[in-house]
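A.B. asks:
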Amino acid sequence: MTMLTPRTPTKLAPPGRTRRERKTAELESRTRLVGERLAATSARPRALVLQDVDSSLDGLTHAEAALRLEHHGANTVAQERTPAWFVQLGKAYWNPFIGVLVFLAAVMYWQDPADPGVVILSVMVGISGLLRFWQEYRSGRAADALKKLVTTTCAVQRRAGSGSAPTTFEIPMDQVVPGDVVKLAAGDLIPADLRLIGSKDLMVGQAALSGESLPVPKADTRADDLGQRETTDPVEADNLCLMGTSVTSGTATGVVVATGSDTYFGSMAGSLVGERPQTNFDHGVRRVSFLLIRFMLVMVPVVFMVNGLTKGDWDEAFLFGIAVAVGLTPEMLPMVVSANLARGAVAMSRRKVVVKRLGAIQNLGAMDVLCTDKTGTLTEDRIVLDRYLDVHGNEDDEVLEYGYLNAHFQTGLRNLMDQAVIDRVGEAEEVVVDARFSMVDEIPFDFARRRMSVVLDRRSLVGGPGRPEHVMITKGAVEEVLELCTHMRDRGERVELTDQLRWHVTRIAEDNNRRGLRVLAVATRTVDSPRDTYTVADEDGLTLVGFLAFLDPPKADAARALRALADKGIAVKVVTGDNDLVAARVCADVGIEVGHVVLGAETDGLDETQLRELAARTTVFAKVNPVQKARIVRALQAGGHTVGFLGDGINDAAALRDADVGISVDTAVDIAKESADIILLEKDLTVLEQGVLQGRTTFGNTIKYIKMTASSNFGNVFSVLVASAFIPFQPMLAIMLLVQNLVYDIAQLATPWDRMDEEYLRKPRNWDAKGILRFMLTIGPISSIFDIAMFVIMWNVFAADSAASQSLFQSGWFIEGLLSQTLVVHMIRTRKIPFIQSRASWPVMVMTVLAVLTGLWLPFSPLASSLGFVALPASYFPWLIGVLLAYCTLTQLVKTWYVRRFGTWL
Numbered sequence: 008m009t010m011l012t013p014r015t016p017t018k019l020a021p022p023g024r025t026r027r028e029r030k031t032a033e034l035e036s037r038t039r040l041v042g043e044r045l046a047a048t049s050a051r052p053r054a055l056v057l058q059d060v061d062s063s064l065d066g067l068t069h070a071e072a073a074l075r076l077e078h079h080g081a082n083t084v085a086q087e088r089t090p091a092w093f094v095q096l097g098k099a100y101w102n103p104f105i106g107v108l109v110f111l112a113a114v115m116y117w118q119d120p121a122d123p124g125v126v127i128l129s130v131m132v133g134i135s136g137l138l139r140f141w142q143e144y145r146s147g148r149a150a151d152a153l154k155k156l157v158t159t160t161c162a163v164q165r166r167a168g169s170g171s172a173p174t175t176f177e178i179p180m181d182q183v184v185p186g187d188v189v190k191l192a193a194g195d196l197i198p199a200d201l202r203l204i205g206s207k208d209l210m211v212g213q214a215a216l217s218g219e220s221l222p223v224p225k226a227d228t229r230a231d232d233l234g235q236r237e238t239t240d241p242v243e244a245d246n247l248c249l250m251g252t253s254v255t256s257g258t259a260t261g262v263v264v265a266t267g268s269d270t271y272f273g274s275m276a277g278s279l280v281g282e283r284p285q286t287n288f289d290h291g292v293r294r295v296s297f298l299l300i301r302f303m304l305v306m307v308p309v310v311f312m313v314n315g316l317t318k319g320d321w322d323e324a325f326l327f328g329i330a331v332a333v334g335l336t337p338e339m340l341p342m343v344v345s346a347n348l349a350r351g352a353v354a355m356s357r358r359k360v361v362v363k364r365l366g367a368i369q370n371l372g373a374m375d376v377l378c379t380d381k382t383g384t385l386t387e388d389r390i391v392l393d394r395y396l397d398v399h400g401n402e403d404d405e406v407l408e409y410g411y412l413n414a415h416f417q418t419g420l421r422n423l424m425d426q427a428v429i430d431r432v433g434e435a436e437e438v439v440v441d442a443r444f445s446m447v448d449e450i451p452f453d454f455a456r457r458r459m460s461v462v463l464d465r466r467s468l469v470g471g472p473g474r475p476e477h478v479m480i481t482k483g484a485v486e487e488v489l490e491l492c493t494h495m496r497d498r499g500e501r502v503e504l505t506d507q508l509r510w511h512v513t514r515i516a517e518d519n520n521r522r523g524l525r526v527l528a529v530a531t532r533t534v535d536s537p538r539d540t541y542t543v544a545d546e547d548g549l550t551l552v553g554f555l556a557f558l559d560p561p562k563a564d565a566a567r568a569l570r571a572l573a574d575k576g577i578a579v580k581v582v583t584g585d586n587d588l589v590a591a592r593v594c595a596d597v598g599i600e601v602g603h604v605v606l607g608a609e610t611d612g613l614d615e616t617q618l619r620e621l622a623a624r625t626t627v628f629a630k631v632n633p634v635q636k637a638r639i640v641r642a643l644q645a646g647g648h649t650v651g652f653l654g655d656g657i658n659d660a661a662a663l664r665d666a667d668v669g670i671s672v673d674t675a676v677d678i679a680k681e682s683a684d685i686i687l688l689e690k691d692l693t694v695l696e697q698g699v700l701q702g703r704t705t706f707g708n709t710i711k712y713i714k715m716t717a718s719s720n721f722g723n724v725f726s727v728l729v730a731s732a733f734i735p736f737q738p739m740l741a742i743m744l745l746v747q748n749l750v751y752d753i754a755q756l757a758t759p760w761d762r763m764d765e766e767y768l769r770k771p772r773n774w775d776a777k778g779i780l781r782f783m784l785t786i787g788p789i790s791s792i793f794d795i796a797m798f799v800i801m802w803n804v805f806a807a808d809s810a811a812s813q814s815l816f817q818s819g820w821f822i823e824g825l826l827s828q829t830l831v832v833h834m835i836r837t838r839k840i841p842f843i844q845s846r847a848s849w850p851v852m853v854m855t856v857l858a859v860l861t862g863l864w865l866p867f868s869p870l871a872s873s874l875g876f877v878a879l880p881a882s883y884f885p886w887l888i889g890v891l892l893a894y895c896t897l898t899q900l901v902k903t904w905y906v907r908r909f910g911t912w913l
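Under the working numbering, residues 8 to 913 are what the sequence shown spells out, in order.
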């Protein structure tokens, strides 16, 4: 047996800067190599292709097929599998903050196994991980349920032995091997990469690979079977049918030239398994996490040293340092983030959106560039007859009538344009037509002529009685039909088609082509001597009637949805495999400023810097292949953008995976759904807009918690440092710090249910670690001012100035600290004046009241003695109210200055 199609090497690119970059370069190089090999196959004569794969027109024998299956392996491509539940559970706990909390809990347990803080921290860790795990596990199962099984078998022609006659039978697609002869019919999924060796009226839907909305004709169109004209893109080759595409009409026979990972589809699928690239959410959480952890690692040793040196009790100082570490760590951050994301996922599910990866919700809110295909997103993903024009470009009902007669009476499988003509006319006209005309003969469509004709017996003239006569109506490609025309219909008169008039009507067709319309010519001929049969030779001496122009119409609400996205700071870029004229027309119709349309081939010669600059200034990319789509996404990310990608085809899968948030639809091919982070149950930009708002609300509530907690925790630690330096006893017991932290954190569990101000939702929001640090250092010390004021009051007014009265001091500061922490939530949650210009949601209000009441109750409760509290005198509370009012007033003043100075708050 001769050598079959070779396996593509896996290492094709030079080392990059990172493992991810090297893998991406290798896979892109692999896809290009597979494309070049298929293009070369397309250019070879059929006989040589059969020789290359050691096959014949009769197909393989069963024995040969079995050997090849063993050699090449199953005809399957790499797929990303949903990880086992225990792997998902482990990943849910893979978080730097959870690591810190586990470490602190271990140290506390080592010091005192009965310490309630150990239980508190363990519960926080457990709940936060379980929340995240359950939501992602449930969403993953929902996404899996969306996969639809289209077909699992295909028809192949094989022989029992070398001398046997071939038979055709169905086999599972994964058992197709190179050299198999495959039979195709309407509705079939192409099982592998095929070189056509015979076809009849074959139309193939390639939208999943190319983005082309209309099916394309496929056949070996070269004379003497010398192969296809040279092309570098296998998708454009007329005599190749690629895995993942489907037959919309006609029949064909092809020989398999590549299977599995060696197919064009398979070469792209390799980039969709393994480690996913880090998204904006991942980078942001990591930066903020390590900022807060570094801050804790600096402050805790300082508190430990100051306490140890001033008090002399190093064991107590160590315990207090651990308590401060817990107080400084936003230990509820994993839980609040998970609860925020989970609540966002539930809210989005009500809007027909399945969230597969929770982090994608925040990325959706941070998204400032949305790349999208046009088909089905900006357009209705259907073909309609847009206009029917006479030879001067004016609408003419006569052109529609002749176009309808041609489409109505043809006996072959109607294509989408035929159906669009019929849909335009309606059922009532069909009854009239059947009464006036009858079918005589048909000259079917073929790819050499690129036209089809019907001959009708006109029993009466349109509009009046007359003698029976035969009329030929021809419809097809403009150039081919014009070649056969000697006259044209001009305002009801039949006039000779001179060279000048031929140039004029050609320009009419070209003008409509430039507007992104697919144009067909319609011509007629009245037959002088009627007969029963007609041939291609009779398609001569035609009279041009006019043109039919088709398009995939823009969605009615697309322009409004795009304006809404623009109002929210999201730039929409169209990245499509369709041609530039169609893309420009659709974009203009929906209000996108087109500018210069960049073709995919133009990006190939650019380095990363040049592509980044081009991507930033370009709105529409056309005739873009899968590798180019992914490069454009990465170029936009390199320019500092958070990029979303909306797509549903095989050619979108790599870009979906590389984007910060990959968005697909439930009708998409499986590989696109596997690559996506979010799946829309309706392919609608309006649904996406709602998702963006939900994402920004989710992020806003998360950042609220971080800024509230980080600033108040920093203020508490600063207050502890001052108190430790000047007060001869612990300003607050370690257990008090933990209880204060616990009550405050439980109150923060309502944060995911808070609302965001309308102004906040108007712009994309992103993680800003430096901004959080600046906020913490600016707002945190405000609480310390009033903590110190309370120290002075407790020391001088209530004589809590010795170790004997330290419980009174500690109880007084506990209440003031907890209430100030809780009330400042309302100051920080909005840049407006709280309670007047902006009110929190009712869950936040309820939790705030409960936290305040708990803080006031504890020193008077049965738990007081075990926690070290004592009851406070009634005269304490007027002082408390005064301190809290002053605190809120100063915080509002600083907030006003901060917003003016830095232009931001949350």
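For each residue, glycine too, the CB sits at the ideal point set by N, CA and C.
In this text the structure is predicted, and so the values were computed from the model without any measurement.
What first and last residue would you give for the beta strand (DSSP E) that runs through Arg521?
C.D. replies: Unbroken run through Arg521 is the alpha helix (DSSP H), Asp506 to Arg521; no beta strand (DSSP E).
A.B. asks: Excluding the 5 residues preceding and the 5 following Gly315 in the sequence, name in chain order all residues of the same chain whose CB lies nearer than 6 Å to its CB.
C.D. replies: Contacts found: Trp321 and Ala324.
A.B. asks: For Asp6 and Leu524, which I take to be in contact (beta-carbon distance under 8 Å), what is that distance rounded to the nearest angstrom?
C.D. replies: With the chain covering 8 to 913 only, the question about residue 6 has no answer from this structure.
A.B. asks: Helix, strand or coil, according to DSSP, for Gly553 in the structure here?
C.D. replies: In the structure shown, Gly553 sits in a strand (DSSP, three-state: E or B).
A.B. asks: Identify which residue in Thr481, His477 and Ala530 has its Cα closest to the Cα of Ser536.
C.D. replies: Of the listed residues, the one whose Cα sits closest to Ser536 is His477.
A.B. asks: Which residues bound the alpha helix (DSSP H) around Leu7?
C.D. replies: Any answer about residue 7 is impossible in this case: the structure gives the chain only from 8 up to 913.
A.B. asks: Pick helix, strand or coil for Ile240, following the three-state DSSP scheme.
C.D. replies: Inspection of the sequence shows that residue 240 is occupied by Asp rather than by Ile. The answer is coil: DSSP assigns Asp240 none of H, G, I, E or B.
A.B. asks: My parser needs the alpha helix (DSSP H) runs of 4 or more residues fully inside the stretch 294-348; what are they?
C.D. replies: Listed in chain order, they are 321-335.
A.B. asks: Using the rule of at least 16 other Cβ atoms within 10 Å of the residue's Cβ for burial, across every protein chain shown, is Thr716 buried or exposed?
C.D. replies: So Thr716 ends up on the buried side.
A.B. asks: Just checking my contact of Val699 with Met374 at CB under 8 Å: how many whole Å lie between their CB atoms?
C.D. replies: With 8 Å as the limit, Val699 and Met374 qualify as a contact, their Cβ atoms being about 7 Å apart.
A.B. asks: Expressed to the nearest angstrom, what Euclidean distance is found between the alpha-carbon atoms of Ile134 and Leu745?
C.D. replies: Those two C-alpha atoms are separated by around 18 Å.
A.B. asks: Would you be able to state if there are at least three C-beta pairs under 8 Å between the stretch 776-788 and the stretch 717-729?
C.D. replies: The stretch 717-729 vs the stretch 776-788: in contact.
A.B. asks: For a test of the three-state rule: what should DSSP assign to Arg44, helix, strand or coil?
C.D. replies: DSSP places Arg44 in helix when its eight states are reduced to three.
A.B. asks: Between the Cα of Gln617 and the Cα atoms of Thr758, Gly319, Gln213 and Leu643, which residue gives the shortest distance?
C.D. replies: Here the closest residue by C-alpha is Leu643.
A.B. asks: Have a look at Phe652 and Ile670 and give me their C-alpha separation to the nearest angstrom.
C.D. replies: Between Phe652 and Ile670, the C-alpha separation is close to 6 Å.
A.B. asks: So what's Tyr905 in DSSP terms, helix, strand or just coil?
C.D. replies: In this structure, Tyr905 counts as helix in the three-state DSSP scheme.
A.B. asks: Starting from Phe416, trace the alpha helix (DSSP H) both ways and give me its first and last residue.
C.D. replies: Segment Asp404 to Phe416, the alpha helix (DSSP H) holding Phe416.
A.B. asks: Excluding the 5 residues preceding and the 5 following Thr158 in the sequence, name in chain order all residues of the same chain whose CB lies nearer than 6 Å to its CB.
C.D. replies: Because the pLDDT at Thr158 is just 43, under 50, the model does not fix this residue reliably, and the value given afterwards should be weighed accordingly. Excluding sequence neighbours, Thr158 sits near Leu196.
A.B. asks: Would you say Leu209 and Lys225 are within 8 Å of each other, going by their C-beta atoms?
C.D. replies: Yes, the Cβ-Cβ distance between Leu209 and Lys225 is below 8 Å.
A.B. asks: Would you say Arg51 touches the ligand MN, meaning its beta carbon is less than 7 Å from a heavy atom?
C.D. replies: In the structure on display, the ligand MN does not appear, and there are no ligands present to speak of.
A.B. asks: Measure the beta-carbon distance from Pro241 to Gly400 and round it to whole angstroms, keeping in mind my assumption that it falls under 8 Å.
C.D. replies: In fact, because the Cβ distance is near 37 Å, the residues do not count as touching under 8 Å.
A.B. asks: Do the CB positions of Val343 and Gln817 come within less than 8 Å of each other?
C.D. replies: No, they are not a contact pair.
A.B. asks: Between which two residues does the beta strand (DSSP E) carrying Pro179 extend?
C.D. replies: First-last of the beta strand (DSSP E) with Pro179: Thr174 to Pro179.
A.B. asks: Decide yes or no for the touch test of the stretch 541-556 against the stretch 571-581: beta carbon pairs closer than 8 Å, at least 3 of them.
C.D. replies: No contact exists between the stretch 541-556 and the stretch 571-581.
A.B. asks: How would you label Thr704, buried or exposed, when you count the other beta carbons within 10 angstroms and need 16 or more for buried?
C.D. replies: Buried, by the Cβ-count rule.
A.B. asks: Mapping DSSP to helix, strand and coil, what is Phe272?
C.D. replies: The answer is helix: DSSP assigns Phe272 an H, G or I state.
A.B. asks: Of the residues Lys562, Ile888 and Arg294, which one's Cα is nearest the Cα of Ala776?
C.D. replies: When each option's Cα is compared against that of Ala776, the closest is Arg294.
A.B. asks: Going straight from the alpha carbon of Arg364 to that of Ala637, what length do you get?
C.D. replies: Cα to Cα, Arg364 sits roughly 20 Å from Ala637.
A.B. asks: CB-CB under 7 Å to Val502, same chain, minus the five flanking residues each way: which ones, in chain order?
C.D. replies: His494 and Met495, listed in sequence order.
A.B. asks: Over the uninterrupted alpha helix (DSSP H) stretch that includes Ser460, give me the two end residues.
C.D. replies: Segment Arg458 to Arg465 is the beta strand (DSSP E) holding Ser460; no alpha helix (DSSP H) there.
A.B. asks: Going by DSSP in three states, Thr693 sits in which element: helix, strand or coil?
C.D. replies: Helix, per DSSP.
A.B. asks: Assuming Pro850 is part of the alpha helix (DSSP H), what are its boundary residues?
C.D. replies: Element bounds for Pro850: Trp849 to Trp864.
A.B. asks: At which residues does the alpha helix (DSSP H) containing Arg75 begin and terminate?
C.D. replies: That run of the alpha helix (DSSP H) goes His69 to His79.
A.B. asks: Kindly indicate which three-state DSSP category Thr38 falls into: helix, strand or coil?
C.D. replies: Here Thr38 sits in helix by DSSP.
A.B. asks: Within 10 angstroms of the Cβ of His79, are there 16 or more other Cβ atoms? Answer buried if so, exposed if not.
C.D. replies: Per the 10 Å Cβ criterion, buried.
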